[in-house]
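Numbering (our numbering), first residue to last: 16 to 208. Notes to accompany the following structure.
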């Protein structure tokens, strides 16, 4: 039973990261480039590579930092990650078409890495990595969720242009992240007594 519950968190993170990526800045970049690089393998390859690098970095950073804490300090770390995930989910940024020169592999890599490094899915991975003792599943879940959302935008570029339609979804996810953060803090405070 415990093993089954341990397997649930990576799946939850995968689903949450998929939803959090929808309407985000990285999705806008992929949407803008998909029209100019429709059949090139470069864009999907870089989507997967940057998703792997950023998801693993944040999940393991959360795990490494939380290994130094127990109780309320660890709960504060997890709740802080969830709060930082909620902030970009609440914000609304207009769609900005991609500009040249962004067709080079290095420029695309830097743009995608920069947008994903501290976006909502990465903070979700950070918080989940800080909450558990084995971050590999979290890193994989965050990678698959984000990469799947971005690859779906590569296949259907118009998805990235409908950010306003995803606004309610993103706000709902932000409110859920805040509710979980409050619960984690409550548990941390109760355990500290």
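Virtual Cβ for every residue (Gly too), placed ideally from N, Cα, C.
- Going by beta carbons, residue 44 and residue 126 fall inside the 9 Å limit.
- The three-state secondary structure of residue 95, taken from DSSP, is helix.
- Between residue 36 and residue 165, the C-beta spacing is below 9 Å.
- Ranked by Cα distance from residue 159, the first of 46, 49, 71 is 71.
- Rounded to the nearest angstrom, the gap between the Cα atoms of residue 59 and residue 147 is 30 Å.
- With the rule of 3 Cβ pairs closer than 8 Å, the segment 191-208 does not count as touching the segment 75-84.
- In this structure, residue 97 and residue 193 form a Cβ contact; the two beta carbons are roughly 7 Å apart against a cut-off of 8 Å.
- By the neighbour-count criterion, in which 16 or more other beta carbons inside 10 Å mark a residue as buried, residue 47 falls on the buried side.
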